[in-house]
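Q:
Number of protein chains: 2
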Amino acid sequence: MTPKARSAQSVVSAIQPDAETRVTNDHHQSLRLWLRLLACTNRIETRIRQRLLANFDTTLPRFDLMAQLERAGDGLKMGELSQRLMVTGGNVTGITDMLEKDGLVVRETDATDRRAFRVKLTAAGLRQFRRMAAAHEQWIVMLFKGLTTKQKEQLVRLLGELKSYIGSQPDS
Amino acid sequence: MTPKARSAQSVVSAIQPDAETRVTNDHHQSLRLWLRLLACTNRIETRIRQRLLANFDTTLPRFDLMAQLERAGDGLKMGELSQRLMVTGGNVTGITDMLEKDGLVVRETDATDRRAFRVKLTAAGLRQFRRMAAAHEQWIVMLFKGLTTKQKEQLVRLLGELKSYIGSQPDS
DNA sequence: TATTGTTATACTCTATAACTATA
DNA sequence: TATAGTTATAGAGTATAACAATA
C-alpha cells in the first residue's frame with residue numbers, strides 16, 4: 001500500500017548565516033517551527049495510516065471519503081466529494097469504485113439529474129465507518145496524552161490563527 | 173506530478189455523543205487539535221510542493237535527499253540516505269537515479285567498501301540546492317508571518333513537547 | 001454550450017522480494 | 001553468511017485530457 005513519511009529535519013541545513021545574505025532570527029524561528037510542525041504531523045499521520053491498514057485494511061483517502069459521506073447524511077455527488085476531498089474527479093471515481101466493490105458505498109442515480117450520482121454509505125459501510133472512527137479517536141487521544149488540557153487549548157488556538165492567516169494568503 | 177492534499181475536517185463526524193459510548197471533552201479536544209494540526213500542515217505542504225514544482229521542477233523527496241547531502245558535507249551512502257529519509261532502499265535508488273541523470277548528484281565509489289557508494293552533490297547540485305533552500309526559507313517566512321514572535325515561540329515549545337511524547341510511545 | 005462523471009494515460013512515491021557483488 | 005545496493009514488480013494516489021451522456 002502507500003505509507004508515507006518524510007525526513008523533515010534536513011532543510012535546517014538551509015540556515016547558513018552569511019555576510020551578505022543575513023539570515024535573521026525570524027527566518028530561523030519560522031523554519032524551525034515549520035520543521036517541527038511537519039515532524040509532529042508526519043509522525044502522527046504515519047501511525048494512523050499504519051493502524052488503518054493493519055486493523056481495517058484501508059487507507060486515509062478511503063477513510064476520508066467515507067467520513068464525508070457519513071457526515072453528509074444523504075449522500076454526495078461525485079463532484080461534491082471531489083471538492084470536499086480537494087482531489088480531482090478521476091480520483092474520486094477510482095476510490096469510489098474500490099469502496100463500491102467492497103460493498104461499503106453505492107452509487108444511486110440522482111432523480112433530478114440523470115448525469116449525476118448520489119454516493120451513499122451502505123449499512124455495512126456505515127457500520128464499518130463507525131468502528132473505524134471510534135478506533136481512530138482512541139488512537140488520537142493516546143497520541144496526545146502527553147499534553148495537558150491547557151496545552152492542547154493553547155495549541156488549538158495558535159494553530160487556528162495560523163490556519164486562518166494561511167487561508168487568507170494568495171494561493172500561489 | 174504528485175501534489176497532495178487531504179480533507180482533514182471530515183473525521184469530526186466521528187464525534188457522536190451517545191448514551192453508551194460517551195465522548196468526553198478530552199476526546200473532542202484531542203481530535204479537534206489533530207484536525208487543526210493536519211489542516212495547517214497540509215495547507216503549507218501543498219504550497220511548498222506547488223512552488224517547488226513550479227519554480228524548480230522538483231519534488232519534496234528530491235529536495236529532502238539533496239538537503240541531506242548538503243548537510244552531510246562529505247556525501248552519504250545509499251543506506252544512510254535510506255535511514256535518514258525513512259524510506260526503503262529501492263526508493264533511494266530511484267530518486268538518486270533521477271538526480272544523477274539531471275547532473276545534480278554523483279555516485280562515487282567508496283574506497284573502503286567496493287559494494288558501497290558515496291552519493292554527493294555536484295557543484296551544480298549544490299548551487300541549485302542553495303537556490304531552492306533560500307526560496308524555501310522565504311516561502312516559509314511568508315506563510316508564518318501571521319504569527320508574532322511570541323506565538324511562534326509558544327508553538328515551537330508546545331510542539332516540542334508533543335513530538336518528544338509521541339517519540340516515546342511504542343511504534344504500533 | 002456547459003456540466004457530470006468516466007476512461008485513458010502517465011508519473012511519483014512507496015513497498016517487498018529476488019538478485020548481484022563484495023565483505 | 002551477511003551486507004550494500006539494484007532490479008523487478010506491484011499498488012495507491014495524484015494529475016491532465018479526451019470523451020459520453022445529459023442539462
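The listed protein sequences correspond, in order, to chains A and B.
Numbering-wise, the first sequence is residues 1 to 172 according to the working numbering.
Numbering-wise, the second sequence is residues 173 to 344 according to the working numbering.
All residues carry an ideal CB built from backbone N, CA and C; glycine is no exception.
Which whole runs of the alpha helix (DSSP H) in the stretch 49 to 107 of chain A are 4 residues long or more, in chain order?
A: Listed in chain order, the complete alpha helix (DSSP H) runs (minimum 4 residues) inside the stretch 49 to 107 of chain A are 60 to 72, 78 to 85 and 89 to 101.
Q: Would you call the CB atoms of D212(B) and L158(A) closer than 7 Å?
A: According to the sequence as given, residue 212(B) is Cys; it is not Asp. No; because the gap between Cβ atoms is not below 7 Å, this pair is not in contact.
Q: Is the CB-CB distance between V248(B) and V277(B) below 7 Å?
A: Note that residue 248(B) corresponds to Leu in the displayed sequence, not to Val. No.
Q: Measure the alpha-carbon distance for L99(A) versus L205(B) and round it to whole angstroms.
A: The alpha-carbon atoms of L99(A) and L205(B) are separated by roughly 28 Å.
Q: Could you give the DSSP three-state label for T21(A): helix, strand or coil?
A: Its pLDDT being 42, under 50, T21(A) is placed unreliably in this model, and the coordinates cannot settle the point.
Q: What three-state label does DSSP hand K322(B) in the structure shown?
A: DSSP places K322(B) in helix when its eight states are reduced to three.
Q: Considering only residues of the same chain and omitting the five flanking positions on each side of G261(B), which have a CB-CB separation below 8 Å?
A: Cβ within range, chain order: M250, G251 and S254.
Q: Between G146(A), K152(A) and E153(A), which has its C-alpha nearest S336(B)'s C-alpha?
A: That would be G146(A), whose Cα lies nearest to the Cα of S336(B).
Q: For T198(B), which option in Q138(A), R127(A) and G160(A) has the closest C-alpha, if you only look at C-alpha atoms?
A: Note on identity: in this sequence residue 198(B) is Asp, with Thr being the wrong assignment. Here the closest residue by C-alpha is Q138(A).
Q: Given a cut-off of 7 Å on the beta-carbon distance, is the pair F235(B) and S30(A) in contact?
A: No, Cβ-Cβ distance for F235(B) and S30(A) is not below 7 Å.
Q: Residues in the stretch 84 to 115 of chain A with C-beta within 9 Å of chain B's C-beta atoms, listed in sequence order?
A: Hits within the stretch, in order: R84, L85, M86 and V87.
Q: In whole angstroms, what separates the C-alpha of E108(A) from that of D74(A)?
A: Approximately 11 Å, taken between the alpha carbons.
Q: Answer yes or no: does any C-beta atom of chain B fall closer than 7 Å to that of Q151(A)?
A: Yes, Q151(A) lies at the interface with chain B (some Cβ there is under 7 Å from its Cβ).
Q: Does DSSP put T122(A) in a helix, a strand or coil?
A: In the structure shown, T122(A) sits in coil (DSSP, three-state: anything other than H, G, I, E or B).
Q: DSSP on F289(B), reduced to helix/strand/coil?
A: F289(B): strand per DSSP, three-state reduction.
Q: Give me the Cα-Cα distance between N42(A) and L60(A), rounded to the nearest whole angstrom.
A: Taking the straight line from one Cα to the other gives about 13 Å.
Q: Does the beta-carbon of K101(A) have 16 or more other beta-carbons within 10 angstroms, so that it is buried, or is it exposed?
A: By the 10 Å Cβ count, K101(A) comes out exposed.
Q: On the CB-based measure, 16 or more other CB atoms within 10 Å of its CB, does K152(A) come out buried or exposed?
A: Per the 10 Å Cβ criterion, buried.
Q: Hey, does L159(A) have any beta-carbon neighbour from chain B nearer than 7 Å?
A: It does; some Cβ of chain B falls within 7 Å.
Q: Looking only at its chain, what residues have a beta carbon closer than 7 Å to the beta carbon of E242(B), apart from the 5 residues adjacent to it on each side?
A: Result list for E242(B): L293, L298 and F301, in chain order.
Q: Rounded to whole angstroms, what is the Cα-Cα separation between L35(A) and V141(A)?
A: Each residue's alpha carbon lies about 23 Å from the other.
Q: Just the Cα atoms here: how many angstroms apart are S340(B) and R115(A)?
A: Answer to the nearest angstrom: the Cα atoms are 52 Å apart.
Q: If you draw a straight line from the C-alpha of T149(A) to the C-alpha of P170(A), how long is it?
A: For T149(A) and P170(A), the distance between alpha carbons rounds to 34 Å.
Q: Look at the alpha carbon of D282(B) and the alpha carbon of G332(B), and state the distance between them as a whole number of angstroms.
A: The alpha-carbon atoms of D282(B) and G332(B) are separated by roughly 38 Å.
Q: Against chain B, does W34(A) count as a neighbour if the rule is that its beta carbon must be under 7 Å from one of theirs?
A: Chain B contact via Cβ: present.
Q: Tell me whether A124(A) is buried or exposed, calling it buried when 16 or more other Cβ atoms sit within 10 Å of its Cβ.
A: It is exposed - the Cβ of A124(A) has fewer than 16 other Cβ atoms within 10 Å.
Q: Which residue's Cα is closest to the Cα of G94(A): L65(A), I166(A), L52(A) and E45(A)?
A: The candidate whose alpha carbon is nearest that of G94(A) is L65(A).
Q: Could one say the Cβ of G125(A) lies closer than 7 Å to chain B's Cβ atoms, at least one of them?
A: Chain B contact via Cβ: absent.
Q: Ignore the nearest five residues each way along the sequence and tell me which others in N55(A)'s own chain have a CB closer than 7 Å to its CB.
A: Excluding sequence neighbours, N55(A) sits near A135.
Q: Quick check: is the beta carbon of T230(B) nearer than 7 Å to any beta carbon in chain A?
A: No - not a single Cβ of chain A is within 7 Å of the one on T230(B).
Q: Can you give the Cα-Cα distance for I338(B) and I44(A), rounded to whole angstroms?
A: So the two alpha carbons sit approximately 8 Å from each other.
Q: Rounded to a whole number of angstroms, what is the C-alpha to C-alpha distance between L327(B) and T218(B)?
A: Going by the C-alpha atoms only, they are around 21 Å apart.
Q: Closer than 8 Å by C-beta to A67(A): which residues in its own chain qualify, once you throw out the five before and the five after it? Chain order, please.
A: Correct list, in chain order: F129 and A133.
Q: Answer with yes or no whether the minimum CB distance from E137(A) to chain B is below 7 Å.
A: At least one chain B Cβ lies under 7 Å of E137(A).
Q: Measure the alpha-carbon distance for L53(A) versus T96(A) and round it to whole angstroms.
A: Using only the alpha carbons, I get a separation of about 18 Å.
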